[in-house]
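Just below is one structure, and these are the notes that go with it.
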Amino acid sequence: MPLILRASLASVVCPSAPFLAPRLLRRPAHLAAAHPFGITSWTCLQRSALTTKRDNRPRRDPKKSRDSKKGGKPPNETPWSEKRRLEDEQFRAQLAAIDEFMHACSIRDARTAMYMYPEVLDIPLLSREHTRRLAQALHAFVRIETKALEERVRKVRLLLPFLERFTADIRAGKWPPHPAAFVHILGLYKEGKCYEEGRKFWLWLVEQDDTYVDQAVYGAAIELLAYRGKDSLHTLEELYHDALKRFPGTFAEYHLSPEAVVPDRAQPTNIPGIPMALLQGILTVRILNRDWKNAYLALDTALRLYPTAVPQRFFEVFMNERPMSEAYTIFLLACRAGIVFKPSHLTSLISTKLRPAMRKVATLHERALLVRGSANAIYAYLEAGGTLEAFHVSTFLSTFHHLLPLQLGETYSPKEERIRNLIVGTAHKIITMLIQSGLPPSPQVFSALINLAAEFRVRELLDLALTDMTTSGADIREVERRVIIKAAGLFKDKELLEKYWAQVSARAESEGNLISRLDWIAFAKACRQAGCPDLFHKELDGLRHAIDSGTEENALKILNRKELPPKAQRDGPGDENKFAREFEEVERIMKNVAAVTMAGSPLDLKKTPFDMFLDVHREPIATEEDLRSVYDELTTDPHQPELPNRTANVSVSPTGIPLEELRFQNWVTIVELMADAEAEERSFQKQVDEAMRRGEPLDAVMRPLTFRRGKKEVEEIWGVAQGQEYQEGRMPSRLRLLKTVMRLRGPYVESPYQSVAFRKVELEEPQKAVKLDERVTETMKEEGATTLEPEKNVEQGVPARALFQPTPSLRFWLMMNAKG
1 MPLILRASLA SVVCPSAPFL APRLLRRPAH LAAAHPFGIT SWTCLQRSAL TTKRDNRPRR
61 DPKKSRDSKK GGKPPNETPW SEKRRLEDEQ FRAQLAAIDE FMHACSIRDA RTAMYMYPEV
121 LDIPLLSREH TRRLAQALHA FVRIETKALE ERVRKVRLLL PFLERFTADI RAGKWPPHPA
181 AFVHILGLYK EGKCYEEGRK FWLWLVEQDD TYVDQAVYGA AIELLAYRGK DSLHTLEELY
241 HDALKRFPGT FAEYHLSPEA VVPDRAQPTN IPGIPMALLQ GILTVRILNR DWKNAYLALD
301 TALRLYPTAV PQRFFEVFMN ERPMSEAYTI FLLACRAGIV FKPSHLTSLI STKLRPAMRK
361 VATLHERALL VRGSANAIYA YLEAGGTLEA FHVSTFLSTF HHLLPLQLGE TYSPKEERIR
421 NLIVGTAHKI ITMLIQSGLP PSPQVFSALI NLAAEFRVRE LLDLALTDMT TSGADIREVE
481 RRVIIKAAGL FKDKELLEKY WAQVSARAES EGNLISRLDW IAFAKACRQA GCPDLFHKEL
541 DGLRHAIDSG TEENALKILN RKELPPKAQR DGPGDENKFA REFEEVERIM KNVAAVTMAG
601 SPLDLKKTPF DMFLDVHREP IATEEDLRSV YDELTTDPHQ PELPNRTANV SVSPTGIPLE
661 ELRFQNWVTI VELMADAEAE ERSFQKQVDE AMRRGEPLDA VMRPLTFRRG KKEVEEIWGV
721 AQGQEYQEGR MPSRLRLLKT VMRLRGPYVE SPYQSVAFRK VELEEPQKAV KLDERVTETM
781 KEEGATTLEP EKNVEQGVPA RALFQPTPSL RFWLMMNAKG
């Protein structure tokens, strides 16, 4: 019976030659199966392929085996078997070294990987995956726990000698090529600002075959060259198109064009080979070159293709480079799609964009809108899937300080006191609500409340915050002690000042350290404001061993400064009722934040949506009905057969929005942002014109920051002054919207410092190719600008900024006077 089964199995495995079944069914060598990359030695392959099991082989004599264990030579040992045994031992040692090396790379231990580099380089078993993992480990080493740009630059500069050796070995063929590895290497050069070294490596890469280069490598190189700043926009656009021609993918050039249509707007895109990294690279180039129009069209393309999966970097570059109101809406655009940013992105948006803007706006109502915007950004971040942290709350509370800025020696008017009480009362209510919803009681949060109490001179809030901090058992650190010392000085509370300074000095004594310079400066300033300089001198005499001479000199200077006498009360800040209404909205939004924190899951955006713009009262560019009509006309193919109506299996975003609706909302938001960017450009150009006419720096003519949009601004977007038909209202709103959208999305020509004219678009045939207005060319020549074959470039769709270069005198003026 076993023979029958054996014959049957052999015939199944190999019907034409059943006698080969024992070889075909033989198990592979253990080392080859165990190694993650399937590396085997030649000797192992020989044994597994050329030997078969013999049932009648002779038994070894037990006595001879015992003799061989005592140190004698094995009975059947031959020079060939000895060589094979040594080869196996060497092979196992090499595998062990590679495994250790790969483990170091996988845990981002760049130091160990660099230490083992010479040993691993000599092993002839390296694969392209090893190249990728090493480059990835180096890139992660620079990025992990390194938020500050300066620190990243420092890390890359330390790695630069090793990185140069790594790239030299790659050029020498010692490391197998992997395009993903080269993306990491180019990224390292960019983050370390080693632009020339990165360009040198790229110029070698681009000459290699497709095993070295792909679309992502081109994208990383374009981004590197953009930050290098020595290549024109036109040159980098050409490099972008070269990449699309070299790696066409599945009609990638069409799918990345602004006019492309997705097969089904209600479903995710499943088109392989779309080079998003390449699109990211050219988007960065356009942003850095102020080509805002084509940058927004690139973002619109990404959102059309992958409305819920656009990489964060697409949004980050807008948030870093565009004005505050645009950066804010871009952040919310990502949150609406369910894209979760790092916690630091939310903090950065509030601390570097919204909070500084509060010093530049003119009215209290606009400052209140910025506080409301900060709360709205926190809520949107949580709805996308983020987690509320204590530093988010403390950063949010820091925006309250700028609502009623009080100069030294000034006092509040009765009207301002009422507003101040509303501010501090709302702040304490928000903190209480968040802690009750599950936010851990962090010293950062209480420190922000104490700071707020000191800024607004509200003793009751200070006492409440100190009591809450003590009750919660929060660990008071150096920063919190300094904040309390500052508050004690402003409230002239000598007892509170002595209490917390004693904690500072006791901690320094117990650790055997000097008291920090910041602590001494804060103590000196608090003693001066509290009117007790004798306390400072007393502590200084007793703690001479805990202060250095430089710190002592600076602290005494601060102590001996004169306090300004109280000034007269100021005029009222504006409409108190408007401010109260905005702060009611702040409290409502923070209730939503508390609800998400307590539930641990997002709320339904259909019931509790978040705003998309800082100016929540802004005039929309058009009605939703007209916007949908124009959107359908521009994003569908009339020759494509109508898709079946799907009621089941509707694809939705992580935030619960159907993809078809999300694509429409994204399109509308991009159109609104482009209108804002056009207005921003127009305003900036007018200020530059005025500065040049007056012969003054640009800062001297800067107007107060505004992010509001009313009917007047919408009329400017529509282009009311461009034709009689607009003024008389003869043009239908839908047709007017279509022409406006085509103008915003279509190409235009502008001079180095002001817009000269828009290209003409045929109203009846909006899809018709536009031609360059000859008058624009003549105007540009009169201004002294140099042209680069404008007619030819326009036909090829080259961005307008690539056609004209600023005159040397204008470039010099901007460099000398236009700061920032």
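For the sequence shown, UniProt numbering gives the first residue as 1, with consecutive numbering after it.
The beta-carbon is built from N, C-alpha and C at its ideal position, and this holds for glycine as well.
A direct Cα-to-Cα measurement between residue 560 and residue 500 gives close to 22 Å. Secondary structure of residue 153 (DSSP, three-state): helix. Taken through DSSP and simplified to helix, strand or coil, residue 616 comes out as coil. Beta-bridge annotation (DSSP): residue 658 is paired with 652.
Bounds of the alpha helix (DSSP H) holding residue 626 are 624-635. Between residue 403 and residue 368, the C-beta spacing is below 8 Å. Residue nearest to residue 556 within the set 546, 681 and 540 is 540 (criterion: CA-CA distance). The segment 352-359 makes contact with the segment 368-379, as at least three CB pairs between them are under 8 Å. Secondary structure at residue 173: coil, using DSSP grouped into helix, strand and coil. In this structure, residue 308 sits away from residue 279, with a CB-CB distance that is not shorter than 8 Å. For residue 503, the uninterrupted alpha helix (DSSP H) segment begins and ends at 494-511. Our two residues, residue 216 and residue 189, have alpha carbons roughly 16 Å apart in a direct line. In terms of Cα proximity to residue 199, the closest of 269, 222 and 287 is 222. Burial check for residue 376: the Cβ neighbour count within 10 Å reaches 16 or more, so the residue is buried. Shortest Cα-Cα distance from residue 331 to any of 546, 366, 374 and 688 involves 374.
DSSP, reduced to helix, strand and coil, places residue 249 outside both helices and strands of the structure shown, so it counts as coil. Between residue 423 and residue 584, the alpha-carbon positions lie close to 11 Å from each other. The segment 310-329 and the segment 592-605 do not touch, with fewer than 3 CB-CB distances between them shorter than 8 Å. Here the segment 89-108 lies against the segment 119-135, with 3 or more beta-carbon pairs under 8 Å apart. If you draw a straight line from the Cα of residue 128 to the Cα of residue 114, it comes to about 17 Å. Per DSSP, reduced to three states, the secondary structure at residue 561 is coil, with no helix or strand assignment. With contacts defined by Cβ atoms closer than 8 Å, residue 487 and residue 462 form a contacting pair.
A contact is defined here as three or more CB-CB pairs under 8 Å, and the segment 334-345 fails this definition with respect to the segment 681-690. By the beta-carbon neighbour count (other beta carbons within 10 angstroms, threshold 16), residue 130 is buried. If one requires a minimum length of 3 residues, no beta strand (DSSP E) run lies completely within the segment 298-356.
Residue 616 is classed as exposed because its beta carbon has fewer than 16 other beta carbons within 10 Å across all chains shown.
Apart from the 5 residues on each side of it in sequence, residue 187 sits with its Cβ closer than 7 Å to the Cβ of 139 and 220 in its chain, given in chain order.
Residue 361: not part of any alpha helix (DSSP H); DSSP gives it neither H nor E. Straight-line spacing of the CA atoms in residue 662 and residue 336 works out to 8 Å. Residue 522 is positioned such that its CB atom lies closer than 8 Å to that of residue 482. For residue 351, the closest C-alpha among the options 466, 313, 327 and 175 is that of 327. The beta carbon of residue 678 is closer than 7 Å to those of 744 in its chain, skipping five residues each way along the sequence. Around the C-beta of residue 158, fewer than 16 other C-beta atoms lie within 10 Å, and the residue is accordingly described as exposed.
Beta-carbon to beta-carbon, residue 629 and residue 694 are separated by about 46 Å, too far to satisfy the 8 Å threshold. Rounded to whole angstroms, the separation of the alpha carbons of residue 470 and residue 272 is 58 Å. Taken through DSSP and simplified to helix, strand or coil, residue 527 comes out as helix.
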